[in-house]
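**Q**
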Amino acid sequence: MIAIPKQAIADELVSQLETTVWRPNRLWLVAMIVLSVGVNGALSRVARLGLADWYQALAKPSFVPPDWAFAVAWTSLYALMAVSLWFYWRATADRPAAWRGGTTLFAVQYLTCSAWPFMFFGLQSTLLGFVGTLVLVPMIIATIILFGRYSRPAALALVPYLLWSTLAIAMSYQVWQLN
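Residue 57 is where the sequence shown starts when you use this note's numbering, and the numbers rise one by one after that.
1) Could you give the distance in angstroms between the alpha-carbon of I200 and the alpha-carbon of Q180?
2) What residue from L136, Q230, A98 and N96 has the CA that sits closest to V86's CA?
3) Measure the beta-carbon distance from T168 to L192 and round it to whole angstroms, keeping in mind my assumption that it falls under 8 angstroms.
4) Label Q165 either buried or exposed according to how many other C-beta atoms from any shown protein chain fall within 10 Å of its C-beta, with 16 as the threshold for buried.
5) For my contact list, L117 and M227 are in at a C-beta cut-off of 8 angstroms; report their separation, rounded to the angstrom.
6) Closest to P194 by CA distance: which of P152, A98, V215 and L141 is it?
7) Return the first residue and the last residue of the alpha helix (DSSP H) that D123 is part of.
8) Helix, strand or coil for A115 per DSSP?
9) Going by DSSP, what residue range makes up the alpha helix (DSSP H) through Q213?
10) Taking C-beta to C-beta, are A163 and M88 nearer than 8 angstroms?
11) Just curious, the alpha helix (DSSP H) that F162 is in, first and last residue?
12) Expressed to the nearest angstrom, what Euclidean distance is found between the alpha-carbon atoms of G204 and L161?
13) Please report how far the alpha carbon of T189 lies from the alpha carbon of S221, in whole angstroms.
14) When DSSP labels each residue in this structure, what does N235 get in the three-state scheme?
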């Protein structure tokens with residue numbers, strides 16, 4: 057019988073953990089999309105409970121899309137965010153530091169985005185809505201740049217999110233100024 061030193065086994069396991077992280081399969085992609093869209097849709101609805109009259113009473117600039125367009129846009133954008141993260145995770149599975157750094161940056165911008173309905177609707181603050189979009193856009197840009205270093209599809213999937221959020225700056229600013 058060949059004896060394998062316990063330290064050699066431990067060293068090999070540590071080496072594997074330092075060079076590889078989890079690489080999601082396509083089933084995880086579907087789960088990530090469903091979770092992202094579902095959770096954020098629910099959070100948005102909760103933040104807006106009983107506030108339809110408040111929002112409708114706000115003066116809005118002429119370029120604000122109709123209400124139904126927001127649901128379509130955000131459903132699509134949250135799905136694309138999940139797709140982006142999935143591509144990034146797959147591209148960085150053998151680079152743990154990049155995987156962790158990108159995942160952390162993504163999580164911070166995602167949580168900031170998810171907090172916006174509470175800032176705007178929950179607190180009924182047009183100013184916080186504007187500030188939230190100002191804070192969010194640089195985070196999205198940083199995420200696109202970082203993701204682009206490892207995965208072009210991951211970066212490109214976030215471009216519509218950046219464009220919509222840039223429009224949101226203009227909309228939020230105008231709503232704040234008009235009210």
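Each residue gets a CB set at the ideal place from its N, CA and C atoms; glycine is no exception.
**A** Reading it off the structure:
1) 30 angstroms
2) L136
3) 5 angstroms
4) buried
5) One detail in the question is off: residue 117 reads as Pro in this sequence, not Leu. The Cβ separation is near 7 angstroms, so the contact holds.
6) V215
7) D123 to A147
8) coil
9) Note that residue 213 is Ala in the sequence shown here, rather than Gln. First-last for A213: undefined, no H or E at that position.
10) Taking 8 angstroms as the cut-off, the beta carbon of A163 is found no closer than this to the beta carbon of M88.
11) For F162, the enclosing alpha helix (DSSP H) covers residues P152 to P173.
12) 13 angstroms
13) 7 angstroms
14) coil
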